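Visitor: The structure is given below, and queries will be raised subsequently.
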Amino acid sequence: MADHEAPDVHERHEAPADTDEPRSRLGVRGVLRYAALFLGSAVFLFPFYYMIVGSLQKSPDTSVKGAFPTGGFTLDNYTQINSRVDLVQSLVNSGIFTGGVLLGTVVFGVLAGYALARLEFRGQGTLFATMLLVQIIPFQLLIIPIYVMIVRTYGLADSYLGMILPFAINSTAVFIFRQFFRQLPEDLFAAARLDGASELRILWSVALPLVRPALVTAVLLTFIGPWNEFLWPFLVTKDTEMQPLAVSLANYISNVAGRAANPYGAILAGSVVLAAPAVALFIAFQKRFTASDLGSGVKG
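Here you go:
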């Protein structure tokens, strides 16, 4: 019996040695993975780094050495562009324009998405297919009739409402909300209808709390469009006090930048101001893209 038990003892002692090699391989793979991620992040972040560094330089330096300065930083570029362009007022205009678009996107997107996902009516499939086809039509093809309608028919030139209306309904947001509403369990809606709840009550109390990731996703995806929008605000606003920051910076580049002491740095300073809110928003809400509360409303 002792002769048969001895090999078992040796086997038990030799087992941990066999598992060390996979762990070491896993460690090497982990290091390589993180190294690749770090390299990709550095390449992606370098334009932002260069934009910030260039906005703080006293004199323009477009060489490779200019990307890694050792000193001489200043805020004169921000002061100079602010003297030519009212950055605070332009940011307020961009905020109102973007906020109005986001409000319309969420309200109309939720209502339309819920109707397409949970209500049954004649022509529902045709309406959804038409909405998808609208996404392939470039906005530039519709800009002339929209301009005539907004400016000449309704007289909304140089107004926030005139800037917001063409972007108030976003078909991409409607599609996102529809897909999220379709993923919700049907039992939740059936139980609410048995309790006598109206469709608006079901939407507000049952559906919306479960699709918060869709709300955040729609807001973040929609935010970049109006925040960086140039063409439509440029056409509909002639008063500089009403123009958003993207239009104000474009006017500065074409009219004033050539006479500035450091036009390169001033343009980059304006770009930093324009990009900062969008970057901060994405950093703050990046985890909400994958967050989901769909399981919180179902027991069992």
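So in my numbering, spot 115 of the sequence shown is number 122, and the numbers just go up one at a time.
Idealized CB from N, CA, C, for every residue including glycine.
Just so it is clear, the structure is predicted and the values come from calculations on it, not from any experiment.
(1) On the DSSP bridge list, what partners appear for Q142?
(2) So, at 8 angstroms on beta carbons, what are the nonlocal neighbours of N269 in its own chain, with the 5 sequence-adjacent residues on each side left out?
(3) Just to confirm my understanding: we take V218, look at its own chain, exclude 5 residues before and 5 after, and list those with CB closer than 6 angstroms. What are they?
(4) Can I150 and W234 be called in contact, C-beta distance under 9 angstroms?
(5) Return the first residue and the last residue of the alpha helix (DSSP H) that A291 is part of.
(6) Counting only the same chain and skipping the five closest in sequence on each side, list residues whose C-beta sits under 7 angstroms from that of G323.
(7) Should E193 be labelled buried (16 or more other beta-carbon atoms within 10 Å of its own) or exposed?
(8) Mapping DSSP to helix, strand and coil, what is Q7?
(9) Which residues in the same chain as A287 place their Cβ atom closer than 7 angstroms to its Cβ, once the five residues preceding and following it in sequence are excluded?
(10) State yes or no: is the C-beta of G102 within less than 9 angstroms of the C-beta of F182?
(11) Rounded to the nearest angstrom, what separates D246 and S62 at their Cα positions?
(12) I need the boundaries of the alpha helix (DSSP H) containing V213, first residue and last residue.
(13) Taking a contact to mean a Cβ-Cβ separation below 9 angstroms, would you say A198 touches S212 in this structure?
(14) Sort A291, L126, T81 by Cα distance to T224 and report the nearest one.
(15) Grab the span of the alpha helix (DSSP H) containing R129 for me, first residue to last.
(16) What three-state label does DSSP hand F174 in the structure shown?
(17) Thinking C-alpha only, which one of I143, P145, A122 is nearest Q134?
(18) If you run the structure through DSSP and keep just helix, strand and coil, what is Q250?
(19) Among V99, L195, A49, whose alpha-carbon lies nearest the alpha-carbon of Q250?
(20) What is the DSSP secondary structure of F80, reduced to helix, strand or coil?
(21) Does the structure place the stretch 156-165 close enough to the stretch 88-98 that three or more beta carbon pairs sit under 8 angstroms?
(22) Considering only their Cβ atoms, is the gap separating Y259 from R91 smaller than 9 angstroms?
(23) By Cβ distance below 6 angstroms, which residues in the same chain neighbour F80 in space, the five residues on each side in sequence not counted?
(24) Quick check: the Cα distance between V35 and V50, rounded to an integer number of angstroms?
(25) Only counting the same chain, and skipping five residues up and downstream in sequence, which positions put a Cβ closer than 7 angstroms to that of G272?
(26) In whole angstroms, what separates the C-alpha of S178 from that of A164?
(27) Do you know offhand how far A24's Cα is from A221's?
Guide: According to the data block:
(1) Translated into the one-based positions of the sequence shown, residue 142 becomes position 135. DSSP lists no partner for Q142.
(2) Here residue 269 is taken as the residue at index 262 of the sequence shown, counted from 1. Same-chain partners within the cutoff: Q64, K65, S66, P67, D83, N84, Q87.
(3) Along the sequence shown, read from residue 1 onward, the residue named residue 218 stands at position 211. For V218, where only same-chain residues beyond five positions count, the Cβ hits under 6 angstroms are F187.
(4) Against the sequence shown, residue 150 aligns to sequence position 143. Against the sequence shown, residue 234 aligns to sequence position 227. No; because the gap between Cβ atoms is not below 9 angstroms, this pair is not in contact.
(5) Counted from its first residue, the sequence shown places residue 291 at position 284. Counting along the chain, the alpha helix (DSSP H) containing A291 begins and ends at 270-292.
(6) Here the chain comprises residues numbered 8 to 307, so residue 323 is not present and cannot be evaluated.
(7) Taking the first residue of the sequence shown as 1, we reach residue 193 at position 186. E193 is exposed by the Cβ-count criterion.
(8) In the structure displayed, the chain extends from 8 to 307; residue 7 sits before or after that span and is not available.
(9) Indexing the sequence shown from 1 puts residue 287 at position 280. Scanning its chain for C-beta atoms nearer than 7 angstroms, with the 5 sequence neighbours on each side dropped, one finds no residue around A287.
(10) Counting from one through the sequence shown, the residue named residue 102 turns up at place 95. Counting from one through the sequence shown, the residue named residue 182 turns up at place 175. Not closer than 9 angstroms, so no.
(11) Here the question's residue 246 lines up with position 239 in the sequence shown. Here the question's residue 62 lines up with position 55 in the sequence shown. So the alpha carbons of these two residues sit roughly 27 angstroms apart.
(12) Locating residue 213 in the sequence shown gives position 206, where the first residue counts as 1. Element bounds for V213: n/a, residue is neither H nor E.
(13) Here residue 198 refers to the residue found at position 191 of the sequence shown. Here residue 212 refers to the residue found at position 205 of the sequence shown. Between A198 and S212, the CB-CB gap reaches or exceeds 9 angstroms.
(14) Here the question's residue 224 lines up with position 217 in the sequence shown. Considering only alpha carbons, the answer is A291.
(15) Translated into the one-based positions of the sequence shown, residue 129 becomes position 122. Careful: R129 lies outside any alpha helix (DSSP H) and carries neither H nor E.
(16) Along the sequence shown, read from residue 1 onward, the residue named residue 174 stands at position 167. Three-state DSSP puts F174 in a helix.
(17) As a working mapping, residue 134 is identified with position 127 in the sequence shown. The sequence given here has Leu at residue 134, not Gln. With respect to the C-alpha of L134, the residue from I143, P145, A122 having the closest C-alpha is A122.
(18) Indexing the sequence shown from 1 puts residue 250 at position 243. Coil, per DSSP.
(19) As a first step, residue 250 is located in the sequence shown; it is residue number 243 there, counting from the start. Of the candidates V99, L195, A49, the one whose C-alpha sits nearest the C-alpha of Q250 is V99.
(20) The residue you call residue 80 lines up with position 73 of the sequence shown. If DSSP states are grouped into helix, strand and coil, F80 belongs with the strands.
(21) Pairwise C-beta distances place the stretch 88-98 out of contact with the stretch 156-165, as fewer than three of them are shorter than 8 angstroms.
(22) Here residue 91 refers to the residue found at position 84 when the sequence shown is read from its first residue. Here residue 259 refers to the residue found at position 252 when the sequence shown is read from its first residue. In this structure, Y259 lies closer than 9 angstroms to R91 by Cβ.
(23) As a position in the sequence shown, residue 80 is number 73, starting the count at 1. Excluding positions up to five away in sequence, the list reads L63.
(24) Sequence index remark: in the sequence shown, residue 35 carries index 28 (1-based). Sequence index remark: in the sequence shown, residue 50 carries index 43 (1-based). The straight-line gap from Cα to Cα measures roughly 23 angstroms.
(25) As a position in the sequence shown, residue 272 is number 265, starting the count at 1. Within its own chain, the residues whose Cβ lies closer than 7 angstroms to the Cβ of G272, once the five positions on either side in sequence are excluded, are G61, S62, Q64, P67, N84, listed in chain order.
(26) Working through the sequence shown from its first residue, we reach residue 178 at position 171. Working through the sequence shown from its first residue, we reach residue 164 at position 157. Cα to Cα, S178 sits roughly 25 angstroms from A164.
(27) On the sequence shown, position 17 is the one that residue 24 refers to. On the sequence shown, position 214 is the one that residue 221 refers to. Low per-residue confidence applies at A24: pLDDT is 49, beneath 50, and the placement is therefore not dependable, though the value from the model is reported in the following sentence. Near 49 angstroms, if we compare the C-alpha coordinates of A221 and A24.
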